[in-house]
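In what follows, a single structure is set out as structure tokens and then discussed.
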Amino acid sequence: MSVGVLVDVMLALALVGLSLRVVTGRALFRDMVLFILFGLVISLSWSRLGAPDLALAEAAIGAGLTGALMLMAYRRLVEGGAEDSPGRRRSFLALPVGVLSGALVAVIGFAALGVERVPGAAGTLVLEELPGTGLGNAVTGVLLVFRGLDTMLEMTVLLVALLGAWAVLGEARPGRLHQVDRDTPLVAALLTSVSPLTLLIAVHLLLAGTDSPGGAFQAGAVLTGCGVLLVLTGTLRPAVAAGLVTKLLVIAGLTAFVLIGAGALAFGRPTMALPGTWAVYLIETAMMLSIAVTMTLLFARSRGLYPERR
Amino acid sequence: MTGVLLGLAVVFLLLNLLAGLWRIAVGPTAADRMLAVLLFGSTTVAVILIMAEWLGDGSLRTVALLFVVLATVVTLAFVGTVRGGEGS
Chain A
17 MSVGVLVDVM LALALVGLSL RVVTGRALFR DMVLFILFGL VISLSWSRLG
67 APDLALAEAA IGAGLTGALM LMAYRRLVEG GAEDSPGRRR SFLALPVGVL
117 SGALVAVIGF AALGVERVPG AAGTLVLEEL PGTGLGNAVT GVLLVFRGLD
167 TMLEMTVLLV ALLGAWAVLG EARPGRLHQV DRDTPLVAAL LTSVSPLTLL
217 IAVHLLLAGT DSPGGAFQAG AVLTGCGVLL VLTGTLRPAV AAGLVTKLLV
267 IAGLTAFVLI GAGALAFGRP TMALPGTWAV YLIETAMMLS IAVTMTLLFA
317 RSRGLYPERR
Chain B
11 MTGVLLGLAV VFLLLNLLAG LWRIAVGPTA ADRMLAVLLF GSTTVAVILI
61 MAEWLGDGSL RTVALLFVVL ATVVTLAFVG TVRGGEGS
């Protein structure tokens, strides 16, 4: 047995074992921690499978967002007195849902085993046509050039999610989110060193995304990590209303997509035909900003954010 | 030969994660579990860096970079959430 197979088997076992523990466990905090680990192992698996784009996305979202979100939720639960109730309710749906999901995975797996390579499949076409787009990264090519409409709709989904959250939020005043005082030892130093780094890495991911793994989604997620840091330390405070800048940033991604996509019509080209690499950069930048602002606002449960003045 | 050795290093690091899992299962405090998560994060970074060399895919190093920078987020969220002795 080669070493590669051994690594694959270990990763697969770790994924199945961790997910079983997360689903069946009864200690809230421990299972949360295990879920964070699950994200790490998923990222390792994507790396092993040679999909650095997905590994990047998982790293950015799993490390920067999910863990912090769950810890915040945990704090609210503890404050609400719901700490680890021993008799967690059992659902009668658990078994059928589990069996059906297993069956679905098995069917897809068996179907995938029997699939033969089709000549002229979408994937090979993309790789053939990629040099004509001026992009080096097939994933970015698919997201922005070949399937631009899908990506535009994804931005719409993100916007709708934020609007939905705002609707549920109602007129309630934003809660106290700020977790750590900046007077706490090391926190100020941490902020001053980490937040510029996240900016740098986000911009790097965005620019590198045209030729190598990276792109607007990963860059946006990294920026969100920076936003979450600032919210947690109270450097950015939740505001009651969204300012003009916030609103513009939230719709920037969708707007850039629509304007450039529809603008192609004016020049007699098909809708969503991007005029060049500059359009890709422009849309990706707008998308990154929109993603970062939207997700930070969702994390902060607020309509806007304002910097703390000291 | 180097490839096999790099692969074995990955296997060794993955086995190390088992030790972290044991600490998470036993606890006893939330801080112990959180530290195990940070250990997991560092080990993951090491595994990814070795994989970048092993699989010959340099872009994996960016993944490792992200993990290093964003590890601070979950740490800060934890510091504000749970006091050392709390949690199970």
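Taken in sequence, the protein lines are chains A and B. Numbering-wise (the working numbering), the first sequence opens with residue 17 and increments by one. Numbering-wise (the working numbering), the second sequence opens with residue 11 and increments by one. All C-beta atoms, glycine included, are put in the ideal place defined by N, C-alpha and C. Remember, it's a predicted structure, so these values are computed and weren't measured experimentally.
DSSP places residue 118/A in the helix class (H, G or I) of the three-state scheme. Interface residue (Cβ-Cβ distance to chain A less than 8 Å): residue 69/B is classified as such. In the structure shown, residue 255/A falls within a strand segment according to DSSP collapsed to helix, strand and coil. Residue 320/A sits in a strand when the DSSP states are folded into three classes. Exclusion of the five residues before and after residue 231/A leaves 156, 225 as the residues of its chain whose Cβ lies within less than 6 Å of its Cβ. Across the set 316/A, 280/A, 263/A, the C-alpha of 263/A shows the shortest separation from the C-alpha of residue 302/A.
Taken through DSSP and simplified to helix, strand or coil, residue 228/A comes out as coil.
Using a CB distance cut-off of 8 Å, residue 40/A does not count as an interface residue toward chain B.
In the displayed model, residue 155/A falls within a helix according to three-state DSSP. Secondary structure of residue 196/A (DSSP, three-state): coil. Chain B has a Cβ within less than 8 Å of the Cβ of residue 228/A. Here residue 18/A is exposed: its Cβ has fewer than 16 other Cβ atoms, across all protein chains shown, within 10 Å. The beta carbon of residue 81/B sits closer than 8 Å to some beta carbon of chain A. Inclusion of residue 310/A and residue 80/A in the CB contact set at 8 Å is not warranted, their separation being larger than that value. A Cβ of chain A is located within less than 8 Å of the beta carbon of residue 24/B. Between residue 43/B and chain A, the shortest Cβ-Cβ separation is below 8 Å.
Taking 4 residues as the minimum length, the alpha helix (DSSP H) runs contained wholly in the segment 18–101 of chain A are 19–40, 44–64, 68–77, 83–95, in order along the chain. In this structure, the beta-carbon distance from residue 314/A to residue 321/A does not fall below 8 Å. Separation of the CB atoms of residue 67/A and residue 238/A is rounded to 18 Å, and the pair is thereby denied contact status at 8 Å.
Residue 288/A carries a coil assignment under DSSP once its states are collapsed to helix, strand and coil. By the 16-neighbour rule on beta-carbons within 10 angstroms, residue 129/A is exposed. Taking a C-beta distance under 8 Å as the contact criterion, residue 86/A and residue 51/A qualify as a contact pair. Chain-order list of chain B residues neighbouring residue 46/A: 34, 35, 37, 43, 98, by C-beta distance under 8 Å.
The Cβ-Cβ distance between residue 317/A and residue 250/A does not fall below 8 Å. A distance of 8 Å or more separates the beta carbons of residue 267/A and residue 298/A.
Residue 12/B is outside the set of residues whose beta carbon lies under 8 Å from a beta carbon in chain A. The beta-carbon distance between residue 20/B and residue 57/B, rounded to whole angstroms, is 6 Å. This is short enough to meet the 8 Å contact definition.
Inter-segment contact for the segment 241–248 of chain A and the segment 198–213 of chain A is present: three or more beta-carbon pairs are separated by less than 8 Å.
Below the 7 Å Cβ cutoff, chain A contributes 83, 84, 87, 88, 195, 248 as neighbours of residue 87/B, in chain order. Linking residue 85/B to residue 218/A through their CA atoms gives a straight-line distance of about 20 Å. The beta carbon of residue 51/B lies closer than 7 Å to those of 77, 81 in the same chain, with the five residues before and after it left out.
Between residue 141/A and residue 154/A, the C-beta gap is not smaller than 8 Å, which leaves the two residues out of contact.
Taking 8 Å as the CB threshold, residue 26/A lines the interface with chain B.
Using a Cβ-Cβ cut-off of 8 Å, residue 40/B is close to 45 of chain A, given in chain order.
With a contact defined as Cβ atoms closer than 8 Å, residue 229/A and residue 72/A qualify at about 6 Å.
At a cut-off of 8 Å between C-beta atoms, residue 58/A does not count as an interface residue with respect to chain B.
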